[in-house]
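Enquirer: Before anything else, here's the structure in question.
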Amino acid sequence: MELSLHRLRMLRELHRRGTVTAAAAALHYTASAVSQQLAQLERDVGAKLFERLGRRVQLTELGNLLTEHAEEILGSVERATLALEEAQEARTVRLVAGVWASVASGLLPTALTALAGEHPGIEVRTRELAPEDTAEAVRDGTLDLSFVIDYSDAPTPWDGGLERAVVAVERLHAAVPRGAVPSGSASLDELAEHPWILASPKSHFGRAMRTACRRHGFAPKINHEVEEQSTAMAMVGAGLGVTLVSDLGLRLLRPPGIDVVALTTPLLRTVSIAYRRTAFRRPALHLVIEAVRASAAELGLGTESALP
């Protein structure tokens, strides 16, 4: 019997998530591809591993037994990878990082260019995900590391199996139609009467901004609910409302017709890199973290005022 690590990872995700569709989404495959691979795993084993219960899949006794061993096998593979990296002093390593738009455009170009110059054997590949999805992808082993965020008004619940290293602290600013706030600065409650453009409360950003507004005594009147920061900024430029944007977000293309207004009571968000505790000893991981911190420092986004 030969067991494929690739199929064992799919089995583990199926056990964790309960449906083929959810497992496929976590692994970035189609549901049909995962179903085919799991069927092949049953043929490899020569026994039934799954039973369908409506839309969900339940593991058989043998399926649960194999899942337990899959956790051990995949953990051993990770430890072996670490041992090899340490023996090679991180000369030839590939890491997969979860990113989102403002991090990918604002921090990574400088960081990865510097890293390639000093440590050419370290290859960092990126995968764009919603900020609220990246930590789970690290826990599941889909990613080696990911960028995660915490807002001063809405800290993220933390997974005990993950560690995080703070790499930058950003301020949030108000983006308003040109001339809407002549003074150039405002408290958040002074923007209460404006129409707002915000992400949905399903996103971490959308929840955090609504929480910040409530703490300043108002519920924002949201005329436009959009997820992409670039879309929100374009709508602000067209005079359709106000929004909040971070330091890194301001480095994205800024359309005409926008004033950036400082908030008199600062709102902060901390950008960290999350990784599995078992990866703490990986030299390449720490070299990536230091390269990103150096890139953030060049932009004035130091870590000394990080959230607790």
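For the sequence shown, full-length UniProt numbering gives the first residue as 1, with consecutive numbering after it. Idealized CB from N, CA, C, for every residue including glycine.
Starting from the C-beta of D144, find all residues in its chain whose C-beta is less than 6 Å away, skip the five residues before and the five after it, and write them out in chain order.
Expert: In the sequence shown, residue 144 corresponds to position 144, counting from 1. Once the five neighbours on either side are set aside, the close Cβ partners of D144 are L95, V96.
Enquirer: State the DSSP-derived secondary structure class of A153, mapped to helix, strand or coil.
Expert: Position 153 of the sequence shown holds residue 153. Rather than Ala, the amino acid found at residue 153 in this sequence is Asp. Coil at D153, not helix or strand.
Enquirer: Could you pull out every unbroken alpha helix (DSSP H) segment of at least 4 residues lying fully inside the segment 57 to 104, listed in chain order?
Expert: Counting whole runs of 4 or more residues, the segment 57 to 104 contains the alpha helix (DSSP H) stretches 61 to 87.
Enquirer: Out of S203, L191, V271, point me to the one whose CA is closest to V260's CA.
Expert: As a working note, residue 260 is residue 260 in the sequence shown. Comparing Cα positions, the closest option is L191.
Enquirer: When you compare only the Cα positions, how much space is there between A212 and L263?
Expert: Taking the sequence shown and counting its residues from 1, one reaches residue 212 at position 212. Taking the sequence shown and counting its residues from 1, one reaches residue 263 at position 263. A212 and L263: Cα-Cα distance of roughly 12 Å.
Enquirer: Is any heavy atom of the ligand FAD found at a distance shorter than 7 Å from the C-beta of S152?
Expert: Looking at this structure, you won't find the ligand FAD or any other ligand, since it has none at all.
Enquirer: Provide the residue span of the beta strand (DSSP E) that contains A262, from first to last.
Expert: Counted from its first residue, the sequence shown places residue 262 at position 262. Per DSSP, A262 belongs to the beta strand (DSSP E) from 258 to 263.
Enquirer: From the DSSP output, read off the bridge partner residues of residue 310.
Expert: Because residue 310 is not part of the residues shown, which for the chain are 1 to 308, the question remains open.
Enquirer: Could you tell me if T270 is buried or exposed, where buried requires 16 or more neighbouring beta carbons within 10 angstroms of its beta carbon?
Expert: Stepping through the sequence shown from its first residue, residue 270 is reached at position 270. So T270 ends up on the buried side.
Enquirer: Beta-carbon within less than 6 Å of V99's beta-carbon, same chain only, minus the 5 sequence neighbours each way: which residues are those?
Expert: Mapped onto the sequence shown, residue 99 falls at position 99. Closer than 6 Å at the Cβ level, and outside the excluded window around V99, lie T126, E128, F147.
Enquirer: Our contact map puts V34 next to M10 with C-beta atoms below 8 Å; I'd like the distance itself, whole angstroms only.
Expert: Position 34 of the sequence shown, counted from the first residue, corresponds to residue 34. Position 10 of the sequence shown, counted from the first residue, corresponds to residue 10. Going by Cβ atoms, the distance from V34 to M10 rounds to 5 Å, so yes, they are a contact pair.
Enquirer: Of the choices S187, H204, V124, A114, whose alpha-carbon is the least far from that of P157?
Expert: Numbered from 1 along the sequence shown, position 157 holds the residue referred to as residue 157. Per the Cα distances, H204.
Enquirer: Can you give me the C-alpha to C-alpha distance between G18 and Y275, rounded to a whole angstrom?
Expert: In the sequence shown, the residue the question calls residue 18 occupies position 18. In the sequence shown, the residue the question calls residue 275 occupies position 275. Distance between the alpha carbons of G18 and Y275: 24 Å.
Enquirer: Can you give the Cα-Cα distance for L198 and M235, rounded to whole angstroms?
Expert: As a working mapping, residue 198 is identified with position 198 in the sequence shown. As a working mapping, residue 235 is identified with position 235 in the sequence shown. Their backbone Cα atoms lie some 11 Å apart in a straight line.
Enquirer: Hey, could you find the ends of the beta strand (DSSP E) P195 is sitting in?
Expert: Residue mapping note: residue 195 aligns to position 195 of the sequence shown, counting from 1. That run of the beta strand (DSSP E) goes 195 to 198.
Enquirer: Give me, in chain order, the residues of the same chain whose beta-carbon lies closer than 6 Å to that of G106; leave out the 5 immediate sequence neighbours on both sides.
Expert: The residue you call residue 106 lines up with position 106 of the sequence shown. Same-chain partners within the cutoff: L248, R251.
Enquirer: With H, G and I counted as helix, E and B as strand and the rest as coil, what does DSSP make of H28?
Expert: Along the sequence shown, one-based indexing puts residue 28 at 28. Looking at H28 - three-state DSSP - the assignment turns out to be coil, as it is neither helix nor strand.
Enquirer: Does the pairing of the segment 212 to 230 with the segment 66 to 81 give three or more beta-carbon distances under 8 Å?
Expert: No: fewer than three Cβ pairs fall under 8 Å.
Enquirer: Counting along the chain, where does the alpha helix (DSSP H) carrying V292 start and finish?
Expert: Looking up residue 292 in the sequence shown gives position 292. Element bounds for V292: 283 to 298.
Enquirer: For the beta strand (DSSP E) that contains F50, what are its first and last residues?
Expert: What you label residue 50 is simply residue 50 of the sequence shown in a count that begins at 1. First-last of the beta strand (DSSP E) with F50: 50 to 53.
Enquirer: Return the CA-CA distance between L268 and A284, expressed in angstroms with no decimal places.
Expert: As a working mapping, residue 268 is identified with position 268 in the sequence shown. As a working mapping, residue 284 is identified with position 284 in the sequence shown. So the alpha carbons of these two residues sit roughly 29 Å apart.
Enquirer: Pairs of beta-carbons, one from the segment 223 to 238 and one from the segment 167 to 184, closer than 8 Å: are there three or more?
Expert: At 8 Å Cβ cutoff, the stretches touch.
Enquirer: Is the separation between the beta-carbon of T265 and that of L188 shorter than 8 Å?
Expert: What you label residue 265 is simply residue 265 of the sequence shown in a count that begins at 1. What you label residue 188 is simply residue 188 of the sequence shown in a count that begins at 1. Yes.
Enquirer: Measure the C-alpha to C-alpha separation of V242 and K48 and round it to an integer number of angstroms.
Expert: Sequence index remark: in the sequence shown, residue 242 carries index 242 (1-based). Sequence index remark: in the sequence shown, residue 48 carries index 48 (1-based). Cα-Cα distance, rounded: 57 Å.
Enquirer: L229 and A26 look like a contact to me (Cβ under 8 Å); what is the Cβ gap, rounded to whole Å?
Expert: Numbered from 1 along the sequence shown, position 229 holds the residue referred to as residue 229. Numbered from 1 along the sequence shown, position 26 holds the residue referred to as residue 26. Here the sequence assigns Gln to residue 229, which means Leu is not the residue at that position. 25 Å between Cβ atoms; not a contact.
Enquirer: Give me the Cβ distance between V292 and A137, rounded to the nearest whole Å; I'm assuming they're in contact under 8 Å.
Expert: Start at 1 with the first residue of the sequence shown, and residue 292 comes out as number 292. Start at 1 with the first residue of the sequence shown, and residue 137 comes out as number 137. Going by Cβ atoms, the distance from V292 to A137 rounds to 18 Å, so no, they are not a contact pair.
Enquirer: Rounded to a whole number of angstroms, what is the C-alpha to C-alpha distance between G160 and R16?
Expert: Along the sequence shown, one-based indexing puts residue 160 at 160. Along the sequence shown, one-based indexing puts residue 16 at 16. Computed Cα separation, rounded: 17 Å.
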